[in-house]
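Trainee: I have a structure I would like to understand better, so I am pasting it below and will then ask my questions one at a time.
Protein chains: 2
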Amino acid sequence: MKFNFSKRVPQNDDDAVGSILKAAVDPKVISLAGGLPSPDLFPVKELKKAADEVFDNDGKTALQYGMAAGYEKLREQVAEMTRKRGIECSADDVVITTGTEQSIDLVGKLLVNPGDTVLVEKPTYLCTLDVLRSYGAKLVGVDMDEHGMRMDALKKALDEHPDAKLLYTIPNFQNPTGRTMPNARREEMEKMLAERNIVILEDDPYGKVRYSGKDQYPVKHFDHTGNVIYQSSFSKFLVPGLRLGWIVADPAFIKRLVPMKQSTDLHSDNLSQYVVSRYLAENDIQKHVDQICALYKKRAETMMKELDEKAPKGVTHSNPEGGMFLWVKAPESVNTVDLFKECIKHHVAFVPGAPFYPGKVTQGTFRLNFSNADSKTIKIAIDRLCDALNEFMKTTSK
Amino acid sequence: MKFNFSKRVPQNDDDAVGSILKAAVDPKVISLAGGLPSPDLFPVKELKKAADEVFDNDGKTALQYGMAAGYEKLREQVAEMTRKRGIECSADDVVITTGTEQSIDLVGKLLVNPGDTVLVEKPTYLCTLDVLRSYGAKLVGVDMDEHGMRMDALKKALDEHPDAKLLYTIPNFQNPTGRTMPNARREEMEKMLAERNIVILEDDPYGKVRYSGKDQYPVKHFDHTGNVIYQSSFSKFLVPGLRLGWIVADPAFIKRLVPMKQSTDLHSDNLSQYVVSRYLAENDIQKHVDQICALYKKRAETMMKELDEKAPKGVTHSNPEGGMFLWVKAPESVNTVDLFKECIKHHVAFVPGAPFYPGKVTQGTFRLNFSNADSKTIKIAIDRLCDALNEFMKTTSK
């Protein structure tokens, strides 16, 4: 059977990221490629206790079908957490999703017609690019600096694309760059987009995992018209295996989101919603987040120190205040896909910059993850990476 | 903010099914409207034991990100169950999904371009109609008789729509009619569609819940070209709250399905996959299914007996050999949306036939669920329903 796939499906066999992740699976390779949180701090015991209590007290309800918008008590808890971040909302404004990826997929499905222009940071989360492309979006990258999206570049993009439908941003510890937008820029961005009646999808999976600097308000905090759709998830500050995220948005958006969520997977895993709700009721989540921040701070600092000491001249990196990623810039003459192959020989892996770009790629870039390896392993990995980099840059500059 | 939703989103506010389910929520109303399995037989204790063991032995892995295709051990177990139903397959041919609804959504996204023709049974599962419409499908209903889709009607539909892309069928205890296709029809259907290079999506959520008659082979059993995509789920014979289903398909389809699943929600709930896998390893699932079948048989027989005794002349019903639904036919002069409002006054609810039809509605039809109320409650409900029917038919025939 030769399947006649829809236009949404990439028709080529080129799965660059898949091949990268496959190469990184070799047990001899230390992978700094993935985006996995550290399992060292998964609260297994506490979640087991919560699950036991759910089975004992709410077993039949938690195992039955639930509501498309999500378990009401969890929606209330999420609303409370969200209010603490500076966003006015109630449980009615919250929809529980099967993780951030689904949130992006639902927003794309609800808003993007084939050919619609969507603005994104350049570079940005590669899976978002895939999802938006599957809905036929025309992706326009907006330049960044060390403080996130540049407002002059945004203004220019808006002037060139007055019909833009949506802007996607990760304002905190961005994936892949680790950069954070300051409040002033967030407010300015929101003002520009609201004036033009363009929706902002604010993706904030890492926001709670800040280990230095000062919390900034979500873009949605500055939203007076309802044009900002805010999303986050439990993956990065609790556990990712339970696949639970959420969307907070204007009632007019929620009204269409709930039936679309229902026709996508009816509702998210009910048992997991009950378990997380009970966990949140019984545990001090901030204390848990503080532990994660302390661990990641140490790992990030180790990685940066090692890079500063060992990387060849001309190699720089971002300086994240939280999150899980470091963005490295080598000279533009370094093709990081080729560098990746060299690194695999040195038994270390990363993600080359190319797949994070919506269009033209800035050469010499790659992403490192520091959340999923301990400091000792990070030291060995950066040693190997810098050896490979040194050799590679010597060879290619000949 | 006035959102400019995509063409995929129904632009009207008419949510017939939503209003029905809302009316049915009144605690005074006995609802035969939903499609809920009986929680009386949820294996809460056994699932708790399985969950405890997962937390103790595999906690950090089960709570971490997993593979897009699903937990390998569960895929092996699903492959084994599927082989027992007469489908040759291995774990590599299986993808775990976040329930049947997501399976349908993924298949629609992968195959249906706006304007593509999709053949469906008339009537069929209403959520499938919503999903296919969201991808712009042109839905063509094929007539049924008491043994499912009629082959002469299918031939006619294929002659009229030679460009049809997909056929969606529920061959066992169909939703909403409860009807089952015999083997001969399944084989003939598969032959006709394979010759024309048209994909069949075989939806089999109820297949294991057969309480009379003889198991029929899945349509995929007769598939020699790879054109049948088979799907099922744990919702109807284990629990629905864990949101786990699966797709078994040709390698050429699986190859595109896995990245699309990944860009939809990365993967299904990992903890739930581990828990179900362990449950299946430790328990005799067939024994559990036998208990469900015995309970549903009793409930279905009670409902049919009550209807036969009390329903007005001219009212008939299907005679299902399994599943959860009974399809009732009153004279075509009975508008069952109006009848529904009358029934709510009598404190009983069902789903009127209209939303199950892809196009022209056969009047006088409605669906009853018999899995989620005990026999005593069913008797009271059918009493009320028949009272309402009697009054309604007297008034409308005046």
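If you're matching them up, the sequences are chains A and B in order.
5 is the number of the first residue of the first sequence in the working numbering; add one for each residue after it.
5 is the number of the first residue of the second sequence in the working numbering; add one for each residue after it.
We put the beta carbon where it would ideally sit given N, CA and C, even for glycine.
Let me check understanding here. Comparing Cα to Cα, which of B:N8, B:E286, B:E105 and B:A28 lies closest to K265 of chain A?
Mentor: Taking the first residue of the first sequence as position 1, residue 265 of chain A is located at position 261. K265 of chain A has its Cα closest to that of B:E105, out of B:N8, B:E286, B:E105 and B:A28.
Trainee: Looking at the unbroken alpha helix (DSSP H) that takes in K6 of chain A, where does it start and where does it end?
Mentor: Within the first sequence, residue 6 of chain A is the residue found at index 2, counting from 1. First-last for K6 of chain A: undefined, no H or E at that position.
Trainee: If distances are taken between C-alpha atoms only, which option among B:L343, B:G112 and B:P324 comes closest to V135 of chain B?
Mentor: Within the second sequence, numbered from 1, the residue matching residue 135 of chain B stands at position 131. Taking only the C-alpha atoms, the option nearest V135 of chain B is B:G112.
Trainee: Considering just the uninterrupted stretch of the beta strand (DSSP E) at S237 of chain B, what are its terminal residues?
Mentor: Looking up residue 237 of chain B in the second sequence gives position 233. Its beta strand (DSSP E) spans residues V232 to S237.
Trainee: Using a Cβ distance threshold of 8 Å, determine whether the stretch 225–236 of chain B contacts the stretch 245–256 of chain B, with at least three qualifying pairs required.
Mentor: Cβ pair count under 8 Å is three or more, so yes.
Trainee: Run through chain B and tell me which residues come within less than 9 Å of D254 of chain A, C-beta to C-beta.
Mentor: Along the first sequence, one-based indexing puts residue 254 of chain A at 250. Chain B residues near D254 of chain A: M5 and F7.
Trainee: Taking DSSP as the reference, what is the three-state secondary structure of R79 of chain A?
Mentor: For the purposes of this step, residue 79 of chain A is identified with residue 75 of the first sequence, where counting begins at 1. Residue state, collapsed to three classes: helix.
Trainee: Using a Cβ-Cβ cutoff of 8 Å, what residues of the stretch 132–166 of chain B are near chain A? List them in chain order.
Mentor: Those residues of the stretch 132–166 of chain B that come within reach of chain A (Cβ to Cβ, closer than 8 Å) are D134, V135, S138 and Y139.
Trainee: Mind listing which residues of the stretch 99–117 of chain A have their C-beta closer than 7 Å to chain B's C-betas, in chain order?
Mentor: Taking 7 Å as the Cβ-Cβ cut-off against chain B, the residues of the stretch 99–117 of chain A that qualify are T102, G103, E105, Q106, D109, K113, L114, L115, V116 and N117.
Trainee: If you measure from the beta carbon of F257 of chain A to each beta carbon in chain B, is any gap under 8 Å?
Mentor: By 1-based counting over the first sequence, the position of residue 257 of chain A is 253. Yes, because at least one Cβ of chain B sits closer than 8 Å to the Cβ of F257 of chain A.
Trainee: Residues in its own chain within less than 7 Å of I91 of chain A by CB, not counting five upstream and five downstream?
Mentor: Here residue 91 of chain A is taken as the residue at index 87 of the first sequence, counted from 1. Same-chain partners within the cutoff: P222, K224, H225, Y234 and V252.
Trainee: Identify whether F360 of chain A lies in helix, strand or coil by the three-state DSSP scheme.
Mentor: Looking up residue 360 of chain A in the first sequence gives position 356. DSSP places F360 of chain A in helix when its eight states are reduced to three.
Trainee: Among B:C131, B:S138, B:D30 and B:G103, which has the Cα closest to the Cα of R12 of chain B?
Mentor: Reading the second sequence from its first residue, position 8 is the one you call residue 12 of chain B. Minimum Cα distance to R12 of chain B is reached at B:S138.
Trainee: Nearest to S379 of chain B by CA position, among B:A392, B:T306, B:L275 and B:L330, is which residue?
Mentor: As a first step, residue 379 of chain B must be located in the second sequence, where it is residue number 375. When only C-alpha atoms are compared, the closest one is B:T306.
Trainee: Taking C-alpha atoms, which residue in A:Q178, A:V29, A:A304 and A:E336 lies nearest to D208 of chain A?
Mentor: Reading the first sequence from its first residue, position 204 is the one you call residue 208 of chain A. Among A:Q178, A:V29, A:A304 and A:E336, the Cα nearest to that of D208 of chain A belongs to A:Q178.
Trainee: If you run the structure through DSSP and keep just helix, strand and coil, what is D312 of chain A?
Mentor: Working through the first sequence from its first residue, we reach residue 312 of chain A at position 308. If DSSP states are grouped into helix, strand and coil, D312 of chain A belongs with the helices.
Trainee: Examine chain B for any beta-carbon lying closer than 8 Å to the beta-carbon of D208 of chain A, and answer yes or no.
Mentor: Counted from its first residue, the first sequence places residue 208 of chain A at position 204. It does not: the Cβ of D208 of chain A has no partner Cβ on chain B nearer than 8 Å.
Trainee: Among the residues of its own chain, which have a CB less than 6 Å from the CB of A198 of chain B, if the five just before and after it don't count?
Mentor: Residue numbering aside, residue 198 of chain B sits at position 194 when the second sequence is read from its first letter. Taken in chain order, the residues that qualify are T229 and N231.
Trainee: Is there at least one Cβ from chain B nearer than 8 Å to L171 of chain A's Cβ?
Mentor: Along the first sequence, one-based indexing puts residue 171 of chain A at 167. Judged by the 8 Å Cβ criterion, L171 of chain A is not in contact with chain B.
Trainee: Could you name the residues of chain A that L36 of chain B contacts, counting a contact when the two beta carbons are closer than 9 Å?
Mentor: Counting from one through the second sequence, the residue named residue 36 of chain B turns up at place 32. Simply none; closest approach about 16 Å.
Trainee: If we define contact as Cβ-Cβ less than 8 Å, is P43 of chain A a contact residue for chain B?
Mentor: Taking the first sequence and counting its residues from 1, the one referred to as residue 43 of chain A is at position 39. It does; some Cβ of chain B falls within 8 Å.
Trainee: Determine whether the beta carbon atoms of D120 of chain A and A141 of chain A lie at a separation below 8 Å.
Mentor: In the first sequence, the residue the question calls residue 120 of chain A occupies position 116. In the first sequence, the residue the question calls residue 141 of chain A occupies position 137. Contact: yes.
Trainee: Within 10 angstroms of its Cβ, does S276 of chain A collect 16 or more other Cβ (buried), or is it exposed?
Mentor: Counting from 1 along the first sequence, the entry for residue 276 of chain A is found at position 272. So S276 of chain A counts as buried.
Trainee: Taking 8 Å as the threshold (C-beta atoms), are P180 of chain A and F396 of chain A in contact?
Mentor: Translated into the one-based positions of the first sequence, residue 396 of chain A becomes position 392. Translated into the one-based positions of the first sequence, residue 180 of chain A becomes position 176. No, Cβ-Cβ distance for F396 of chain A and P180 of chain A is not below 8 Å.
Trainee: Tell me the rounded alpha-carbon separation between A73 of chain A and I289 of chain B.
Mentor: Taking the first sequence and counting its residues from 1, one reaches residue 73 of chain A at position 69. Taking the second sequence and counting its residues from 1, one reaches residue 289 of chain B at position 285. Cα to Cα, the separation comes out at about 31 Å.
Trainee: Any heavy atom of the ligand PLP inside 7 Å of the beta-carbon of R282 of chain B?
Mentor: Summarising the ligand content, the structure contains no ligands, and the ligand PLP is consequently not present.
Trainee: Let me know the secondary structure DSSP gives A377 of chain A once reduced to three states.
Mentor: Mapped onto the first sequence, residue 377 of chain A falls at position 373. Reduced to three states, the DSSP call for A377 of chain A is coil.
Trainee: What residues in its chain sit with their C-beta under 7 Å from that of P31 of chain A, if we drop five residues either side in the sequence?
Mentor: The residue given as residue 31 of chain A occupies position 27 in the first sequence. Excluding sequence neighbours, P31 of chain A sits near nothing in its chain.
Trainee: List, in order along the chain, the chain A residues whose C-beta lies closer than 7 Å to that of P244 of chain B?
Mentor: On the second sequence, residue 244 of chain B is found 240 positions in, with the first residue counted as 1. The answer, in chain order, is Q68 and Y69.
Trainee: Considering just the uninterrupted stretch of the beta strand (DSSP E) at I1 of chain B, what are its terminal residues?
Mentor: Absent from the structure is residue 1 of chain B, since the part of chain B shown begins at 5 and ends at 402.
Trainee: Let me check understanding here. Comparing Cα to Cα, which of B:C297, B:E313 and B:V58 lies closest to S375 of chain B?
Mentor: Indexing the second sequence from 1 puts residue 375 of chain B at position 371. That would be B:C297, whose Cα lies nearest to the Cα of S375 of chain B.
Trainee: In chain order, what residues of the stretch 264–277 of chain B put their CB closer than 8 Å to some CB of chain A?
Mentor: Here the close residues are M264, Q266, S267, T268, D269, L270, H271, S272, D273, N274, L275 and S276.
Trainee: In angstroms with no decimal places, state the Cα-to-Cα distance between K212 of chain A and E57 of chain B.
Mentor: Residue 212 of chain A sits at position 208 when you count from the first residue of the first sequence. Residue 57 of chain B sits at position 53 when you count from the first residue of the second sequence. Roughly 31 Å separates the two Cα atoms.
Trainee: Give me the Cα-Cα distance between L110 of chain A and L311 of chain B, rounded to the nearest whole angstrom.
Mentor: Numbered from 1 along the first sequence, position 106 holds the residue referred to as residue 110 of chain A. Numbered from 1 along the second sequence, position 307 holds the residue referred to as residue 311 of chain B. Cα-Cα distance, rounded: 43 Å.
Trainee: DSSP puts E206 of chain A in a beta bridge; with which residues?
Mentor: Sequence index remark: in the first sequence, residue 206 of chain A carries index 202 (1-based). Answer is A:T173 and A:Y234, bridged to E206 of chain A.
Trainee: Helix, strand or coil for F355 of chain A, going by three-state DSSP, please let me know.
Mentor: By one-based count along the first sequence, residue 355 of chain A stands at place 351. The sequence as given places Val at residue 355 of chain A; Phe does not occur at that position. Here V355 of chain A sits in strand by DSSP.
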